[in-house]
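To start, the structure under review is shown below, and the notes come after it.
Number of protein chains: 2
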Amino acid sequence: MVERIVAAGRQVLVDDGYDAFSTNRVAAAAGVSPGSLYQYFPDKATILDLVVDRYLADTAEQVGAALSDRITEFGPAMVRDTADALVAALESDRALLRVVSEELPLARSRRRLTDLERQVRDLITAYLAARPELNHRPDAGAAAWMLVLAMENLAVRWVLDQPPVPRERLLDEMVAMVAGYLLS
Amino acid sequence: MVERIVAAGRQVLVDDGYDAFSTNRVAAAAGVSPGSLYQYFPDKATILDLVVDRYLADTAEQVGAALSDRITEFGPAMVRDTADALVAALESDRALLRVVSEELPLARSRRRLTDLERQVRDLITAYLAARPELNHRPDAGAAAWMLVLAMENLAVRWVLDQPPVPRERLLDEMVAMVAGYLLS
DNA sequence: TTGTTACGCGAGTGATGACTCGCATACAAT
DNA sequence: ATTGTATGCGAGTCATCACTCGCGTAACAA
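Chains B and V supply the protein sequences, listed in that same order. So for the first sequence, this note's numbering puts the first residue at 1; every next one is plus one. So for the second sequence, this note's numbering puts the first residue at 1001; every next one is plus one.
Encoded structure:
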């Protein structure tokens, strides 16, 4: 039942947008009555949070997995594959990405998002710290912070805006930015 | 009168947040009656748009001016000064930046923001195109797009989050990223 | 002084939507 | 069969706004 409600919430968010995310609408989409929602969720915000949390966690998980898989490798190919995984993860649910990043007031999901960013950052920090030949920057933690935020925004904007560059070019440029930065 | 209303709107946004941005509240803050708002604005959204537009335009103007001032120079110092101007512009009204970027659904201001980014991007594109010795990237437009989005997000997150790096270090890293990227 | 106009006022209206509460139904236990 | 319990229902309540409308008033013209 919780599943049905969450699925319906996601549906409403994607199809009708954040403004239409009312308890009545979600209940109707789930095929249950408004009252029934409140046997499983204390309030509307909790439903929304769960939908968003799952999306963010799924996305972070995909990226984290790609990163972990490649963590023993090194060099441009590894960077490129990771960037590719990031873009692919965001592309896979473009509609929800748009709602989450452009319609939702993201103060609500900021804390969660920051946590997930930190997880990825920690992976990268460890990677960089272990490979001084690939990382000429003095502070691996700071470098990881820079990379995560820069790449994240590039990927999100590329997916959501009319991309001014083709996908392959984007990946090339991302690799150049990461490599150029780390080796400078 | 329009000024008073816009100022009050900004005030409410900063002090009480986006959720409290009601016509009644804005009117009270402006010391006028709710009805009077509607002699100067057709609806609430227009008031909000004006407040946000001004903020975005002011900020873009500061950055654009710093960039134009330095446009004849080159090298790391120029990049650093521009990055400094960007960070300073965002720092100068941190409370409003927080509301605009974390509480407002930014679909509304997305178009405007994209326009302003494009202006800055065009300046940078011209700059890069004219200086092949500083720019080894094949597509100056794409390179400018990358730089604007990467630097913007870094600066915003640095100003809004608990900065994991001190300000001077941030600027150093930004310079390294820009230079490393362009010369790779 | 008087007439006119336009500005500002603020109580009121209508719509919306989160949430509740008393009822019905299905099923379990006796 | 009968009673007890839990689950779902959905009309209703209550609060919140965005926006309106008819009035008072103040400034200015005649």
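Each residue gets a CB set at the ideal place from its N, CA and C atoms; glycine is no exception. Here the structure is a predicted model, which is why all the values come from computation and not from measurement.
Just verifying my parser: in three-state terms, what is the DSSP assignment at residue i?
i, result
"residue 1130 of chain V", "coil"
"residue 39 of chain B", "helix"
"residue 1049 of chain V", "helix"
"residue 137 of chain B", "coil"
"residue 1180 of chain V", "helix"
"residue 172 of chain B", "helix"
"residue 1165 of chain V", "coil"
Using a C-beta cutoff of 8 Å, does residue i count as contacting chain B?
i, result
"residue 1105 of chain V", "yes"
"residue 1009 of chain V", "no"
"residue 1146 of chain V", "yes"
"residue 1089 of chain V", "no"
"residue 1004 of chain V", "no"
"residue 1127 of chain V", "no"
"residue 1177 of chain V", "yes"
"residue 1149 of chain V", "yes"
"residue 1154 of chain V", "yes"
"residue 1095 of chain V", "no"
"residue 1060 of chain V", "no"
"residue 1102 of chain V", "yes"
"residue 1083 of chain V", "no"
"residue 1112 of chain V", "no"
"residue 1165 of chain V", "yes"
"residue 1180 of chain V", "yes"
With 8 Å as the threshold, decide whether the Cβ of residue i is near any Cβ in chain V.
i, result
"residue 132 of chain B", "no"
"residue 24 of chain B", "no"
"residue 55 of chain B", "no"
"residue 34 of chain B", "no"
"residue 75 of chain B", "no"
"residue 28 of chain B", "no"
"residue 38 of chain B", "no"
"residue 183 of chain B", "yes"
"residue 14 of chain B", "no"
"residue 135 of chain B", "no"
"residue 52 of chain B", "no"
"residue 79 of chain B", "no"
"residue 140 of chain B", "no"
"residue 168 of chain B", "no"
"residue 157 of chain B", "yes"
For the alpha helix (DSSP H) holding residue i, just list the boundary residues, first then last.
i, result
"residue 1010 of chain V", "1002-1016"
"residue 28 of chain B", "23-30"
Quick check: does the Cβ of residue i come within less than 7 Å of any heavy atom belonging to the ligand FAD?
i, result
"residue 1151 of chain V", "Here there are no bound small molecules, and the ligand FAD is not part of this structure."
>> My parser needs the beta strand (DSSP E) runs of 3 or more residues fully inside the stretch 1064-1113 of chain V; what are they?
In response: none
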